[in-house]
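Numbering (my numbering), first residue to last: 1480 to 1627.
Glycine included, each C-beta is placed from N, C-alpha and C at the ideal position.
Here's the structure we're looking at; comments come further down.
What follows is the structure in structure tokens.
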């Protein structure tokens, strides 16, 4: 079995200019953990994943608070958090994406793709033909192929 036999052909993509909030929404709505990033010419330039978002978000300082009579009382000024949150959600994909993307072609055997995923600790591999993105193989695609 090869990549072309199990890949998802209708790939959800984003552009480097998209903001982080939009991408987070795309991932959540589609119940996926990452998307390829393509430029205006349709060339693959990166991948952005939930992990990229989490790594970026971990630096957000959430202000301490207490609950008192069904109200929230901040123990420090929440303005800093609001500023950081606005800055984070206004960030662009190109600032957080992974640039060096491991890819395969349509003829790559599924066993080889599985090896790549485990060795590189990645969850998805874009499938390319003549420099163009034509599909994506995820760990889930490989698992589903085992029961076909």
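Subject >> For residue 1483, three-class secondary structure by DSSP >> reply: Here residue 1483 sits in helix by DSSP.
Original post:
Which first and last residues belong to the alpha helix (DSSP H) in which residue 1493 is found?
Top reply: Looking at the DSSP string, residue 1493 is not in any alpha helix (DSSP H), and its letter there is neither H nor E.
Original post:
Cβ atoms of residue 1622 and residue 1606: under 8 Å apart, would you say?
Top reply: No; because the gap between Cβ atoms is not below 8 Å, this pair is not in contact.
Subject >> Endpoints, the beta strand (DSSP E) within which residue 1576 is located >> reply: Neither: residue 1576 is in no beta strand (DSSP E) and is coded neither H nor E.
**OP:** Could you please give me the residues that DSSP links to residue 1584 through a beta bridge?
**Re:** Residue pairing by DSSP puts residue 1584 in a beta bridge opposite 1607.
Original post:
residue 1612 bridges to which residues according to DSSP?
Top reply: DSSP lists 1607 as partners of residue 1612.
**OP:** Could you work out which residue in 1532, 1494, 1508, 1501 is closest to residue 1520 when comparing CA atoms only?
**Re:** Nearest option by C-alpha distance: 1494.
**OP:** Would you give the residue range spanned by the beta strand (DSSP E) that residue 1514 belongs to?
**Re:** Where residue 1514 is concerned, the enclosing beta strand (DSSP E) stretches over 1513 to 1517.
Subject >> Pairwise C-alpha distance: residue 1595 and residue 1627 >> reply: Roughly 22 Å between the two C-alpha positions.
**OP:** Return the chain-ordered list of same chain residues with a C-beta closer than 7 Å to the C-beta of residue 1585, the five sequence neighbours on each side being excluded.
**Re:** Closer than 7 Å at the Cβ level, and outside the excluded window around residue 1585, lie 1481, 1482, 1483, 1606, 1608, 1613.
**OP:** Evaluate residue 1533 with the Cβ neighbour count: other Cβ atoms within 10 Å of its Cβ, from every protein chain shown; 16 or more gives buried, anything less gives exposed.
**Re:** Here residue 1533 is exposed: its Cβ has fewer than 16 other Cβ atoms, across all protein chains shown, within 10 Å.
Original post:
If you count every other CB in all the chains shown that lies within 10 Å of the CB of residue 1506, and 16 or more means buried, which is it?
Top reply: Classification for residue 1506: buried.
**OP:** Please classify residue 1588: is it buried, with 16 or more other beta-carbons within 10 angstroms of its beta-carbon, or exposed?
**Re:** Answer is exposed; the Cβ neighbour count stays below 16.
Original post:
How would you label residue 1528, buried or exposed, when you count the other beta carbons within 10 angstroms and need 16 or more for buried?
Top reply: Per the 10 Å Cβ criterion, buried.
Original post:
Helix, strand or coil for residue 1526 per DSSP?
Top reply: Reduced to three states, the DSSP call for residue 1526 is strand.
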